[in-house]
Each structure stands twice: as C-alpha cells, then as structure tokens.
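Q: So the protein sequences, as listed, match chains A and B.
Our numbering puts the first sequence at residues 1291 to 1501.
Our numbering puts the second sequence at residues 1291 to 1501.
We treat Cβ as the ideally placed atom computed from N, Cα and C, and that holds for glycine.
Quick one: the structure is below, and I'll ask about it shortly.
2 protein chains.
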Amino acid sequence: MVTPARREKNHSKSANITATASKIPLERRERRSGHRGCILWFTGLPAAGKSSIANELEAALFARGCQTFVLDGDRMRHGLCRDLGFSPDDRQENIRRAGEVAALFAQARFICIASFISPYRADRSLVRGMNAGNFFEVFVNAPLSVCEARDPKGLYVKARENKIRNFTGISAPYEPPMNPEIELRTDKLSVAESVEKILRQLKKRRVVKSR
Amino acid sequence: MVTPARREKNHSKSANITATASKIPLERRERRSGHRGCILWFTGLPAAGKSSIANELEAALFARGCQTFVLDGDRMRHGLCRDLGFSPDDRQENIRRAGEVAALFAQARFICIASFISPYRADRSLVRGMNAGNFFEVFVNAPLSVCEARDPKGLYVKARENKIRNFTGISAPYEPPMNPEIELRTDKLSVAESVEKILRQLKKRRVVKSR
C-alpha cells in the first residue's frame, strides 16, 4: 500500500533538473570489469549471518577479479543515514537511501552486496523496482531461536530487557521474502557453503562468467 | 557555525550499530586499480561548466584505466535526494548525502567526480572534513555574466522571471571557495584544457601515476 508519506518521498522535487549522459557506455565498463553490475540484497534477522557471508563473498568475488563492495547497515547508519532511527518510517527511508546508493554502484558495474535487515516487504519491493533485472534478493534465513542463541553483539539480550526498542524479531516485525532469488538456511549451511551457493547463482544468471 | 539542527544531523542515532571490517584491505583495491581513491569536488555557479568538464574528465580517466564515476546533482536529485528541495537546509542535506556517497566511492578506490553547485562554504567544509586527505576542491569559476549568457538550459532566464526560486547566483547566494586545490577559469580555458589541468594535479598529488 502506498501511503501519502511514501508517495511524497518517491516524487522528485527537482522539476528543473535534467540528467546529462556519461561519455562511458555501460558496456565499456562491463567489458573492463568482465561482469555485469548488480545488487545482491541480503535480508534477514539480526545475527542471521548477513555480515559474515557478505564479507566472505566480497573476498571471494574480489579474488576472482570482480568489482565488488559491501554496503551494510553499519556503514550507512554511521554515515549517510545517521539522521535516521528505527521507526517504520525511518527504516523505510534508510532502505530507500541504501537502495539508491546500491543502484549507483550497480551503475558503476559493481556487484554491490547490500546487507540490511530490511524487515519490510514493501521497502524491499521499492528497491527491486528501482533496479529491475539487476536485483537479486538473498534471504539469509535462520530461525529466530538460532539467531538469538548466537547473539554475537548481545543485542537480543538487550532487546529482551527492553534496553533496545524496535528490535527486529523481538519488538519489531520481520516480513520474510515471498520469492527470494536465493535462500540461505544458515542454520544448516556454513558461511563457505553459502558463498558457494551465491556464486553458483551468479554464474547461472550470467552476472559473472563460468570458468 | 554549528546550529542545533546541524549538530543533530551530524550525531548518529545508531548507538547499537558496530562496524564489521571488510576482508579486502584498501591497499589491495589500490594495487588492482593502480591509483588512490579520492573525491574531486566540483563547485560553481549553474552553467559554469561543471558537468561538461566532469564528463570529459571521466572519459579521460577511464581511458587511462582508472576507476572513475561522476556523481552529480542531476543523478542525485532524481534518486537519493528526491525528497529534498532548494532551501538552505535542504541544500545542506543534499550536499551531506552527496559527500557520504562520494566517500563510499572513494573507499571503493574510485576517483569520484562529485559535481554540485554546493554554494555554501560550510557544507563543502563538512564534506572535506569527512574525507580528510582525499578531498580536492575544484572551483569551476566563470563570472556570473558569462554563465548567464551561456544558460544552456534556459534556467537563468526562468530565474530572472521568478519562475524558479532560490536559484544560485540570482536569488540564492554562492560562496566561492577560499583555498580550492584547483581553480578552473572556464571563461578562459577550454574543456580540454581544464581536464588537462586536473590531470596534472592528480599526478602531482600522486593520486594517479605519471607516465
């Protein structure tokens, strides 16, 4: 459902701004990097394994000669989104901005690994819509009980004690993807196995070359 | 001067977010791309020549094998900053976001060409502060009369007729840089000469290799 607030945000206020074209066709960027640009959008509960897999995947892609960059909540919330909190509206704006930045990296022919809890289906759909054909949703999926038992930063404990409000999985909702391009059951797969599964998909979908 | 609103924006609301490290040291990214990452921050009046020079410079750098990307007002205002207008507060937020995105591209070892009117000194200083040592201010400088005579998009005409409000140079202020790393007098230099001047500076400052 599109609320008036959402509509407002998606409507550009810059009527007198026109885009000028880059002199570097995307094909030339692609030829140089040897692969397409795309967004791998990781979504999942806190402690589901998003960051670990994102960082290992980045290393694996870099080792193959790919252009790749991890964009994550940590990086964004201390920078571009430092003015935002964790209310539904702020989460929506956080994801919108993340999606816009990821789109820029994909335009620069990066495999952009965007790793965000991104709990709302509608917000993820918005980003998908902005990046038609180059957006792959990766559901990093472990049961809440497993994530809570891991709790590497002690955040679930704080959330249970009400010391953190609006904590996804405890005091804020998480809406799992309906049709993710890739699902990783991280209670069953190791990080290395998860990375392998993504690489296979990237080859199958002709983002990177098989070899 | 730091206003309360400005302070608020610069203070992160994400107390429970900690950064995780990339497994790719910056040096390895640099070794692959063969140059440092940095931000070339173009500032100047509308029609001073920012976009033309930015696009030619991007092409010249790409031809030398550099990683480079143009981030400009056009690109940002239809995407990441579509919720912002042209009031001083919105302009400040526009530049803050642009600076954060440029910083991400510099981290990915791009020569990021950020081309924004960015009329306020304080806002440019903020971005410089976020990117210490990797920020080069490029003053794209032509007299107002020259810019107004060029007026490729007919915006000065509209501004004089009050059809556009808050138009820099006409109905909104422009504060020229005090100590830009590079100044381009575009009423005297051709686009090609301007590009050459920037390339010389990039070599001198050891961003790219001489050859």
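Is B:Val1428 helix, strand or coil when you go by DSSP?
A: Strand, per DSSP.
Q: Can we say the segment 1408 to 1421 of chain B touches the segment 1456 to 1470 of chain B, given the rule of at least three CB pairs closer than 8 angstroms?
A: With the cut-off at 8 angstroms, the segment 1408 to 1421 of chain B and the segment 1456 to 1470 of chain B touch.
Q: Taking only beta-carbon atoms, is B:Ala1482 less than 8 angstroms away from chain A?
A: False, the Cβ-Cβ gap to chain A never drops below 8 angstroms.
Q: Output the distance between the C-alpha atoms of A:Ala1388 and A:His1368, rounded to the nearest integer angstrom.
A: Taking the straight line joining both Cα atoms gives about 13 angstroms.
Q: Quick check on the DSSP output: the alpha helix (DSSP H) that includes B:Glu1390 runs from which residue to which?
A: Run containing B:Glu1390: 1378 to 1397, per the alpha helix (DSSP H) assignment.
Q: Spell out whether any CB of chain A is found under 8 angstroms from the CB atom of B:Ile1472.
A: No, because no Cβ of chain A sits closer than 8 angstroms to the Cβ of B:Ile1472.
Q: So what's A:Cys1565 in DSSP terms, helix, strand or just coil?
A: Any property of residue 1565 of chain A remains undetermined from this structure, which presents chain A solely from 1291 to 1501.
Q: Assign B:Asp1477 to one of three DSSP states: helix, strand, or coil.
A: Coil, per DSSP.
Q: Apply the 10 Å Cβ neighbour rule to A:Ala1295 and answer buried if 16 or more other Cβ atoms are within range, or exposed otherwise.
A: Here A:Ala1295 scores only 43 on pLDDT, less than 50, and its place in the model should not be relied on; the value that follows carries that caveat. Counting Cβ neighbours within 10 Å, A:Ala1295 comes out exposed, since fewer than 16 surround it.
Q: Is there at least one Cβ from chain B nearer than 8 angstroms to A:Phe1429's Cβ?
A: So, not an interface residue.
Q: Can you list, in chain order, the residues of the segment 1362 to 1375 of chain A whose Cβ is nearer than 7 angstroms to any Cβ on chain B?
A: For the segment 1362 to 1375 of chain A, which is checked against every Cβ of chain B, the residues closer than 7 angstroms are Gly1363, Asp1364, Arg1365, Arg1367, His1368, Gly1369, Leu1370, Arg1372, Asp1373, Leu1374, Gly1375.
Q: Residues of chain B with CB under 7 angstroms from A:Phe1359, in chain order?
A: Near A:Phe1359 (Cβ distances below 7 angstroms), the residues of chain B are Ala1398.
Q: Under 8 angstroms between C-beta atoms, does A:Lys1499 make it to chain B?
A: Output row for A:Lys1499: interface = no.
Q: Look at B:Glu1390 and B:Val1428 and say whether their C-beta atoms are less than 8 angstroms apart.
A: Cβ atoms of B:Glu1390 and B:Val1428: not closer than 8 angstroms.
Q: With A:Leu1474 and A:Asn1431 assumed to form a contact (beta carbons below 8 angstroms), what rounded beta-carbon distance in angstroms separates them?
A: Right, their Cβ atoms sit about 6 angstroms apart.
Q: State whether the segment 1476 to 1487 of chain A contacts the segment 1338 to 1348 of chain A, with contact taken as three or more CB pairs (one from each stretch) at a distance under 8 angstroms.
A: Flag = yes, the segment 1476 to 1487 of chain A and the segment 1338 to 1348 of chain A touch.
Q: Do B:Ile1329 and B:Ala1422 have their CB atoms nearer than 8 angstroms?
A: No, these two residues do not count as a Cβ contact at 8 angstroms.
Q: Have a look at B:Ser1435, B:Leu1445, B:Asn1384, B:Arg1318 and flag the residue whose alpha-carbon is nearest the alpha-carbon of B:Asp1477.
A: Taking only the C-alpha atoms, the option nearest B:Asp1477 is B:Ser1435.
Q: Alpha carbon to alpha carbon, how far is B:Trp1331 from B:Ala1439?
A: Rounded to the nearest angstrom, the two C-alpha atoms are 25 angstroms apart.
Q: Please report the distance separating the alpha-carbon of B:Lys1453 from that of B:Asp1380.
A: Cα to Cα, the separation comes out at about 19 angstroms.
Q: Under 8 angstroms by Cβ, that's how I've got A:Ile1403 and A:Val1497 pegged, so tell me the actual separation to the nearest angstrom.
A: A:Ile1403 to A:Val1497, Cβ: 12 angstroms. No contact.
Q: Secondary structure at B:Thr1458, three-state DSSP: helix, strand or coil?
A: Strand.
Q: A:Ala1393 versus chain B: which residues are under 8 angstroms apart at the beta carbon?
A: Per Cβ cutoff of 8 angstroms: Gly1369.
Q: Distance, Cα to Cα, A:Glu1451 vs A:Ile1460?
A: Each residue's alpha carbon lies about 10 angstroms from the other.
Q: Starting from the Cα of A:Gly1334, find the closest Cα among A:Arg1386, A:Pro1378, A:Gly1363 and give me that residue.
A: Closest option to A:Gly1334, Cα to Cα, is A:Gly1363.
Q: Since I believe A:Ser1405 is in contact with A:Val1360 (beta carbons under 8 angstroms), could you give me their beta-carbon distance rounded to a whole number of angstroms?
A: A:Val1360 to A:Ser1405, Cβ: 6 angstroms. Contact.
Q: Nearest to A:Ala1396 by CA position, among A:Ala1353, A:Val1447, A:Leu1489, A:Phe1426, is which residue?
A: When each option's Cα is compared against that of A:Ala1396, the closest is A:Phe1426.
Q: Run through DSSP, which three-state label would B:Phe1352 get?
A: DSSP places B:Phe1352 in helix when its eight states are reduced to three.
Q: Which of helix, strand or coil does DSSP assign to B:Ile1329?
A: Strand.
Q: Taking the beta strand (DSSP E) that A:Ala1338 falls in, what are its first and last residues?
A: It is not in any beta strand (DSSP E) - A:Ala1338 carries neither H nor E in the DSSP assignment.
Q: Within 8 angstroms (strictly less), CB to CB, does B:Arg1387 reach chain A?
A: Yes, its Cβ sits closer than 8 angstroms to a Cβ of chain A.
Q: According to DSSP, simplified to helix, strand and coil, what is B:Val1447?
A: Here B:Val1447 sits in helix by DSSP.
Q: What does DSSP give as the partner residue(s) for B:Ser1405 in the beta ladder?
A: Answer is B:Phe1332, B:Asp1362, bridged to B:Ser1405.
Q: Looking at C-alpha atoms only, which residue of A:Lys1494, A:Ile1488, A:Arg1495 is the closest neighbour of A:Lys1351?
A: The amino acid occupying residue 1351 of chain A in the given sequence is Leu; Lys does not appear at that position. For the residues A:Lys1494, A:Ile1488, A:Arg1495, the minimum Cα distance to A:Leu1351 belongs to A:Ile1488.
Q: Shorter than 8 angstroms from the beta carbon of A:Glu1465 to some beta carbon of chain B?
A: It does not; no Cβ of chain B falls within 8 angstroms.
Q: Going by alpha carbons, who is nearest to B:Arg1365 out of A:Val1417, A:Arg1354, A:Ser1312?
A: Cα-wise, what sits closest to B:Arg1365 is A:Ser1312.
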